[in-house]
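Peer 1: In UniProt numbering, the protein residues as written are 1 to 410. Cβ atoms here follow ideal geometry from the backbone N, Cα and C, with glycine treated the same way. What follows is a single structure, and I will ask about it in a moment.
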Ligand SMILES: Cc1cc2nc3c(=O)[nH]c(=O)nc-3n(C[C@H](O)[C@H](O)[C@H](O)COP(=O)(O)OP(=O)(O)OC[C@H]3O[C@@H](n4cnc5c(N)ncnc54)[C@H](O)[C@@H]3O)c2cc1C
């Protein structure tokens, strides 16, 4: 059986579902999303769901803003909760230079209409009483931040898209992809499918799909740990949810999860996963955690948030996530292959997936990007990188953690 659609999206994580819904709300519903297993079964199901408006690169702030908007719109349209907790975030400054850099971003946030202010150390202590403020110069406070239930948000997007007429096929791995006269043909277990446009939103699996088309994309997987503590007595006593802490000195992010603390760590010696190819049998799985690699970071987190060290550890998760050499996703057309689009390579796909879906859908429908954003344009990787260069760059970018590589006045 061959089906014809206007757009086929490969991958049912938060990014693929964002593209599907963003297309549908603008009237493109002759679409189908193909997911090899179940929705969210890649990196999305185990993500902490943090959404900040102050990410790694100032240039992509609008993607963060538009992500939360899209998830909230999908929640309204579908009735499926995204579980948003508006806790706000504090990005700590342990030097005057860091604080000045944060201040330099104030005009950007004013333009975007996003609440943002730089606060002193005393205010940090008031907002988050578990933080030891000694040695702090202050923090950037983004009160509109928070965290969502990443699976809930993905299902809200999927349901809202379906309600508008978009199609979703689960348990439908795409096994082949080739150019045909008027578009693309995809092989799936349920037969072939023709589409005028194809969007590859398959995270680190995108590399293997694109290789079939002669494209050598630097999309590999990196291991990423998160640690969840037992209940913390101080949080129970506080009776309110504390803001997320992003500490460039650790580097790590730490947020409240019920009465526990959940900490995502950026390791000094990051480890790549499955660089020779993703094992075909890899399902909805985690990798083996390695506490030794985390120790130096967790000690720094305990120095800043002593309560983190006084409770036991409940869970340690190690999940693979796609991490391009410069840490930015690839969103846009492949110029050499008409009708082929990328939405892959997201290290912070919950934070930026919705906005990227909106951005890509507007580009596909209008024929031009809604605004210039070369930092995510796939054209920057039109020439293949030697794998060893990709690996070195991935590690260098990852280990920087929250030290912003791009600050307007840095
Ligand atoms: C421990 C951990 C914590 C994280 N916490 C956060 C966080 O707090 N905030 C944040 O923004 N990000 C976080 N991330 C990153 C986040 O999980 C990813 O950026 C995001 O889930 C990527 O979404 P995606 O849709 O691109 O990929 P995925 O969720 O991996 O989806 C890709 C989908 O493609 C499907 N697929 C693959 N090949 C095929 C094929 N051939 N045919 C059909 N389907 C196919 C897969 O089955 C999968 O479902 C975290 C990651 C980890 C590991």
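#1: Consult DSSP for residue 49 and reduce its assignment to one of helix, strand or coil.
#2: Among 46, 30, 56 and 6, which residue has its Cα nearest to the Cα of residue 398?
#3: Three or more C-beta pairs closer than 8 Å, one from the segment 233-242 and one from the segment 366-379: is that the case here?
#4: Closer than 6 Å to a non-hydrogen atom of ligand 1 - does that hold for the CB of residue 128?
#5: Could you give the residue range of the beta strand (DSSP E) that holds residue 257?
#6: Should residue 224 be counted as a contact of ligand 1 given a C-beta to heavy atom distance under 6 Å?
#7: Indicate whether the contact test is met: 3 or more Cβ pairs, each with one atom in the segment 357-365 and one in the segment 382-396, closer than 8 Å.
#8: What is the DSSP secondary structure of residue 8, reduced to helix, strand or coil?
#9: Starting from residue 312, trace the alpha helix (DSSP H) in both directions and tell me its first and last residue.
#10: Can you tell me whether residue 318 is helix, strand or coil according to DSSP?
#11: Just to confirm the assignment, what range does the beta strand (DSSP E) spanning residue 31 have?
#12: In the DSSP assignment, find the beta strand (DSSP E) that holds residue 95 and state where it starts and stops.
#13: Use the C-beta contact count for residue 291: other C-beta atoms within 10 angstroms, 16 or more gives buried, fewer gives exposed.
#14: Once the 5 residues before and after residue 148 are set aside, which same chain residues still bring their CB inside 7 Å of it?
#15: Return the bridge partner residues of residue 25 from the DSSP annotation.
#16: By Cβ distance, which residues of its chain are closer than 6 Å to residue 265, with the 5 residues on each side in sequence left out?
#17: Sort 278, 282, 155 and 145 by Cα distance to residue 246 and report the nearest one.
#18: Can you look up residue 107 in the DSSP assignment and give me helix, strand or coil?
#19: Can you tell me whether residue 368 is buried or exposed, with buried defined as 16 or more other CB within 10 angstroms of its CB?
#20: Tell me whether residue 180, by its Cβ, gets closer than 6 Å to a heavy atom of ligand 1.
#21: With a threshold of 8 Å on Cβ separation, who are the neighbours of residue 95 within its own chain once the five nearest residues in sequence on each side are excluded?
#22: Taking just the CA atoms, how far does residue 338 sit from residue 199?
Peer 2: Taking the coordinates as given:
#1: Residue numbering aside, residue 49 sits at position 49 when the chain shown is read from its first letter. The answer is coil: DSSP assigns residue 49 none of H, G, I, E or B.
#2: On the chain shown, residue 398 is found 398 positions in, with the first residue counted as 1. It is 56 whose Cα lies nearest to the Cα of residue 398.
#3: no
#4: Here residue 128 refers to the residue found at position 128 when the chain shown is read from its first residue. Residue 128 Cβ: outside cutoff for every heavy atom of ligand 1.
#5: Taking the first residue of the chain shown as 1, we reach residue 257 at position 257. Note, residue 257: beta strand (DSSP E), 252-257.
#6: Taking the first residue of the chain shown as 1, we reach residue 224 at position 224. True, at least one ligand heavy atom lies under 6 Å from that Cβ.
#7: no
#8: One-based indexing of the chain shown puts residue 8 at position 8. Strand, per DSSP.
#9: As a working mapping, residue 312 is identified with position 312 in the chain shown. Here residue 312 belongs to no alpha helix (DSSP H), and DSSP marks it neither H nor E.
#10: Within the chain shown, numbered from 1, the residue matching residue 318 stands at position 318. Strand at residue 318.
#11: Here residue 31 refers to the residue found at position 31 when the chain shown is read from its first residue. Its beta strand (DSSP E) spans residues 31-34.
#12: Stepping through the chain shown from its first residue, residue 95 is reached at position 95. Looking at the DSSP string, residue 95 is not in any beta strand (DSSP E), and its letter there is neither H nor E.
#13: The sequence position of residue 291 within the chain shown is 291, counting from 1. Classification of residue 291: exposed, given that the 10 Å Cβ count is below 16.
#14: Numbered from its first residue, the chain shown carries residue 148 at position 148. Only 49, 51, 71, 82, 83, 84 and 350 meet the Cβ criterion.
#15: In the chain shown, residue 25 corresponds to position 25, counting from 1. None; residue 25 has no bridge partner.
#16: In the chain shown, counting from the first residue as 1, residue 265 sits at position 265. Within the same chain, residue 265 has close Cβ partners 225, 252, 294 and 297.
#17: The count along the chain shown starts at 1 and reaches residue 246 at position 246. When only C-alpha atoms are compared, the closest one is 145.
#18: Here the question's residue 107 lines up with position 107 in the chain shown. Correct three-state label for residue 107: helix.
#19: Translated into positions along the chain shown, residue 368 becomes position 368. When all chains shown are included, residue 368 counts as exposed.
#20: By 1-based counting over the chain shown, the position of residue 180 is 180. Not so, every heavy atom of ligand 1 lies at least 6 Å from the Cβ.
#21: Here residue 95 corresponds to residue number 95 of the chain shown, with the count starting at 1. Excluding sequence neighbours, residue 95 sits near 137.
#22: The sequence position of residue 199 within the chain shown is 199, counting from 1. The sequence position of residue 338 within the chain shown is 338, counting from 1. In a straight line, the C-alpha of residue 199 is about 11 Å away from that of residue 338.
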